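The listed protein sequences derive, respectively, from chains F and B.
Add 63 to a position in the first sequence, counting from 1, and you land on the number used in our numbering.
Add 860 to a position in the second sequence, counting from 1, and you land on the number used in our numbering.
Positions of the beta carbon are idealized from the N, C-alpha and C atoms, including for glycine.
Just so we're clear, the structure is a prediction, and the values are computed from it rather than from any experiment.
To start, the structure under review is shown below, and the notes come after it.
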Amino acid sequence: MTDATGSTPLKRTPLRDVHVKAGAKMVPFGGWDMPVQYTGIIDEHRTVRGAVGLFDISHMGEFEVRGPDALTAVQRLCTNDASTLAIGQVQYAALCYPEGGIVDDLTVYRLAPDHFMLVVNASNIEKDWAWVTSHSEGRAEWTNVSAETALLAVQGPKAEGLVARLADRDVTGIAYYHFARGAVAGVAGLISRTGYTGEDGFELYVPAGEAERLWQALLEAGHRDGIKPIGLGARDTLRLEMKYALYGNDIDQTTNPLEAGLGWVVKPAKGEFIGRAAIEALRARGVARRLVGFEMAERAVPRHGYRLLAGGAPVGAVTSGSFGPSVERSIGMGYVASPQTAVGTALTVEIRGALHAARVVKTPFHPSHTKKA
Amino acid sequence: MANVPPDLRYTREHEWAKVDGDRARIGITAFAQEQLGDVVFVELPKVGTKVTAMKTFGVVESVKAVSDLFAPVTGEVVEVNALLPKKPELVNSDPYGQGWMLVIRMSSPKEVDGLMSAGDYEKLTAGAGH
């Protein structure tokens with residue numbers, strides 16, 4: 064198989080050779096050489112829902128900003144209100160263009176009063192770095208720590224017990240979207256109660272040089288829990304069942320947070336931020352389309368770019384779709400013109416020239432089991 | 861290495877054919893299902909449909925991808941595997957057995973001579989994939 068990205072060499076996480084040795088199927092993803100599956104997507108998906116899975120997501124980007132004006136800088140860049148963050152708290156947010164389109168979605172960590180970490184999508188690291196550093200003012204010093212930071216996600220109902228056994232501090236008391244400093248299997252870093260699967264679990268930020276030691280220790284200690292390494296294929300089906308947006312599929316420069324269902328991370332009352340005026344105008348006017356979740360009547364799989372119709376007329380396009388291993392049917396997300404977005408609305412998806420029945424359903428498709436506050 | 865039964869004939873597109881008189885039972889190979897990953901949907905023609913050698917007759921969808929299916933031989937579909945709509949995973953677990961797709965009544969059984977032998981197919985797939 065050839066690399067679709069051409070001559071640019073693929074980037075590697077500190078665990079890339081470990082994945083290859085373990086027999087993972089590797090694919091290019093956002094410029095990275097990443098494992099798409101080990102044992103099989105459905106098996107890995109069910110392992111995360113039923114036991115615990117281990118993900119290498121070291122391709123994600125991490126930027127730190129510190130200084131007396133760090134909060135001001137984060138507030139100008141992000142749609143959410145970072146001033147409400149306590150030390151040790153995490154927040155989901157978007158970076159927007161002045162016109163309201165999305166630069167990226169991200170999580171914001173408050174490490175200290177004047178010190179934040181922004182975690183961005185792998186495929187957007189260079190774009191985001193240029194964006195944040197060129198739109199930051201005052202005494203705020205930015206550092207791109209992506210290369211020296213590894214990120215492992217431990218997700219599933221047995222994740223808490225596993226991490227608790229290996230940690231040098233209590234982790235059961237870390238609330239959802241909070242983090243603490245601590246060591247897991249002797250590897251010091253940030254223990255964050257976050258994830259992208261809809262299950263309880265942690266994301267562990269550690270030095271790149273320690274990633275392999277932590278990876279092996281988690282696999283060894285998690286053996287009795289039925290732990291397995293999980294590839295990007297299952298990461299995608301897990302997040303889809305939760306209707307979590309994926310940048311580049313469901314959100315991008317041409318979509319705004321309101322139509323994407325991310326209005327809850329837009330806080331105009333906090334003051335000025337890039338995109339605020341445009342999003343306020345949109346809110347006043349009402350959005351023309353919304354990102355909905357739909358399920359197929361039959362097994363045919365809706366995929367990115369397929370047309371969505373209602374009553375024979377085009378109403379939008381599929382942004383993500385797959386067979387959902389936990390819901391055991393084919394599901395998808397897509398932007399649909401506003402009158403057709405109500406739960407129960409009959410849609411059709413054009414798949415290879417034929418129309419297949421679907422209907423708008425309540426989301427998430429599968430109930431969330433993340434840690435409750 | 862993926863399993864390649866010696867008594868079948870193969871296409872470069874990774875379909876197999878088991879020939880019995882003027883009939884050929886067809887499916888996809890163990891190598892193909894390994895490359896595809898979990899099969900979640902198989903779209904097949906109805907009984908009575910005419911299929912043409914090396915033209916598409918349906919699609920197989922895994923979680924990640926859609927792949928066309930190519931007919932090894934020309935003829936009319938006389939049987940369709942009725943288990944696959946409900947259990948597409950049979951293509952993964954038993955590609956040469958319960959995961960079969962169609963039986964074709966061949967209009968020109970000589971076409972079989974143009975298909976690959978097990979030995980040639982094994983050479984084709986050796987070292988490919990991983």
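Quick check: what's the CA-CA separation for residue i versus residue j?
i: glycine 236 of chain F; j: valine 153 of chain F; result: 15 Å
i: leucine 169 of chain F; j: valine 137 of chain F; result: 12 Å
i: glycine 407 of chain F; j: phenylalanine 357 of chain F; result: 9 Å
i: alanine 213 of chain F; j: tryptophan 278 of chain F; result: 10 Å
i: arginine 202 of chain F; j: glutamine 893 of chain B; result: 57 Å
i: phenylalanine 265 of chain F; j: tyrosine 240 of chain F; result: 10 Å
i: glycine 219 of chain F; j: threonine 433 of chain F; result: 9 Å
i: valine 186 of chain F; j: tyrosine 259 of chain F; result: Per the sequence presented here, residue 186 of chain F reads as serine, with valine not at that position. Roughly 16 Å between the two C-alpha positions.
i: aspartate 66 of chain F; j: threonine 871 of chain B; result: With a pLDDT of 42 at aspartate 66 of chain F, under the threshold of 50, the modelled position of this residue cannot be trusted; read the value that follows with caution. Rounded to the nearest angstrom, the two C-alpha atoms are 25 Å apart.
i: valine 90 of chain F; j: leucine 372 of chain F; result: 33 Å
i: valine 83 of chain F; j: glycine 375 of chain F; result: 47 Å
i: alanine 238 of chain F; j: serine 255 of chain F; result: 9 Å
i: valine 972 of chain B; j: threonine 934 of chain B; result: 10 Å
i: serine 953 of chain B; j: valine 128 of chain F; result: 51 Å
i: glycine 397 of chain F; j: leucine 295 of chain F; result: 21 Å
i: leucine 167 of chain F; j: aspartate 315 of chain F; result: What sits at residue 167 of chain F in the sequence shown is aspartate, not leucine. If you take the alpha carbons of aspartate 167 of chain F and aspartate 315 of chain F, they lie about 7 Å apart.
i: valine 182 of chain F; j: valine 208 of chain F; result: 10 Å
i: methionine 64 of chain F; j: glutamine 895 of chain B; result: Residue placement at methionine 64 of chain F cannot be trusted, given a pLDDT of 35 that sits under 50; what the coordinates show is reported in the next sentence. The straight-line gap from Cα to Cα measures roughly 11 Å.
i: alanine 284 of chain F; j: glycine 974 of chain B; result: 54 Å
i: valine 900 of chain B; j: leucine 950 of chain B; result: 10 Å
Can the beta-carbon of residue i be found closer than 8 Å to that of residue j?
i: tyrosine 172 of chain F; j: phenylalanine 242 of chain F; result: yes
i: valine 250 of chain F; j: arginine 276 of chain F; result: yes
i: threonine 76 of chain F; j: histidine 108 of chain F; result: no
i: glutamate 46 of chain F; j: proline 427 of chain F; result: No answer is possible for residue 46 of chain F: it lies beyond the span of chain F, which begins at 64 and ends at 436.
i: leucine 267 of chain F; j: leucine 215 of chain F; result: yes
i: serine 199 of chain F; j: tryptophan 205 of chain F; result: yes
i: threonine 889 of chain B; j: proline 955 of chain B; result: yes
i: serine 389 of chain F; j: histidine 429 of chain F; result: yes
i: serine 393 of chain F; j: aspartate 299 of chain F; result: no
i: glycine 164 of chain F; j: asparagine 312 of chain F; result: no
i: leucine 321 of chain F; j: arginine 352 of chain F; result: no
i: isoleucine 414 of chain F; j: proline 377 of chain F; result: no
i: valine 902 of chain B; j: proline 932 of chain B; result: no
i: leucine 117 of chain F; j: leucine 309 of chain F; result: no
Quick check on residue i - is its C-beta less than 8 Å from some C-beta in chain B?
i: valine 350 of chain F; result: no
i: threonine 404 of chain F; result: no
i: serine 389 of chain F; result: no
i: arginine 362 of chain F; result: yes
i: isoleucine 105 of chain F; result: yes
i: serine 385 of chain F; result: yes
i: glycine 296 of chain F; result: yes
i: aspartate 66 of chain F; result: With a pLDDT of 42 at aspartate 66 of chain F, under the threshold of 50, the predicted position of this residue should be treated as unreliable, though the coordinate-derived value follows. No, because no Cβ of chain B sits closer than 8 Å to the Cβ of aspartate 66 of chain F.
i: valine 111 of chain F; result: no
i: arginine 339 of chain F; result: no
Name, in chain order, the residues that DSSP records as bridge partners for residue i.
i: asparagine 207 of chain F; result: F:Phe126
i: tyrosine 268 of chain F; result: F:Leu214, F:Leu253
i: phenylalanine 92 of chain F; result: F:Trp95
i: tryptophan 876 of chain B; result: B:Tyr870, B:Gly887
i: threonine 411 of chain F; result: F:Leu372, F:Ala420
i: lysine 910 of chain B; result: B:Glu936
i: alanine 156 of chain F; result: F:Leu169
i: isoleucine 394 of chain F; result: F:Glu358, F:Ser385
Compare the C-beta of residue i against all C-beta atoms of chain F and say whether one is closer than 8 Å.
i: glutamate 903 of chain B; result: yes
i: lysine 878 of chain B; result: no
i: valine 923 of chain B; result: yes
i: valine 919 of chain B; result: yes
i: valine 900 of chain B; result: yes
Taking the alpha carbon of residue i as the reference point, which residue from the options has its own alpha carbon closest?
i: leucine 354 of chain F; options: F:Phe265, F:Lys330, F:Thr382, F:Trp327; result: F:Thr382
i: alanine 405 of chain F; options: F:Ala421, F:Ala193, F:Asn184; result: F:Ala421
i: cysteine 12 of chain F; options: F:Leu418, F:Leu410, F:Gly326, F:Gly151; result: The structure shown does not extend to residue 12 of chain F, since chain F is modelled only from 64 to 436, so the question has no answer here.
i: phenylalanine 917 of chain B; options: B:Val879, B:Glu873, B:Gln893; result: B:Glu873
i: isoleucine 293 of chain F; options: F:Leu73, F:Asp80, F:Lys88; result: F:Lys88
i: valine 963 of chain B; options: B:Gly979, B:Trp876, B:Gly897, B:Ser927; result: B:Trp876
i: arginine 287 of chain F; options: F:Lys221, F:Phe126, F:Phe118, F:Phe386; result: F:Lys221
i: valine 937 of chain B; options: B:Pro905, B:Asp980, B:Gly957; result: B:Pro905
i: lysine 190 of chain F; options: F:Pro131, F:Phe179, F:Glu125, F:Ala363; result: F:Glu125
i: alanine 360 of chain F; options: F:Val115, F:Val217, F:Val424; result: F:Val424
i: methionine 180 of chain F; options: F:Glu273, F:Ile150, F:Ala363; result: F:Ile150
i: alanine 210 of chain F; options: F:Trp194, F:Val269, F:Ile342; result: F:Val269
i: alanine 417 of chain F; options: F:Ala400, F:Lys435, F:Gly387, F:Tyr369; result: F:Tyr369
i: alanine 344 of chain F; options: F:Pro161, F:Asp80, F:Glu223; result: F:Pro161
i: arginine 339 of chain F; options: F:Cys141, F:Asp80, F:Pro98, F:Gly379; result: F:Cys141
i: valine 81 of chain F; options: F:Pro72, F:Gly93, F:Tyr101; result: F:Tyr101
Does the CB of residue i have a neighbour CB from chain D at under 8 Å?
i: glycine 897 of chain B; result: In the structure shown, chain D does not exist; the protein chains are F and B.
Could you check whether the Cβ of residue i sits closer than 7 Å to any heavy atom belonging to the ligand COA?
i: aspartate 973 of chain B; result: Of the ligands one can find in the structure shown there are none, so the ligand COA has no counterpart to examine.
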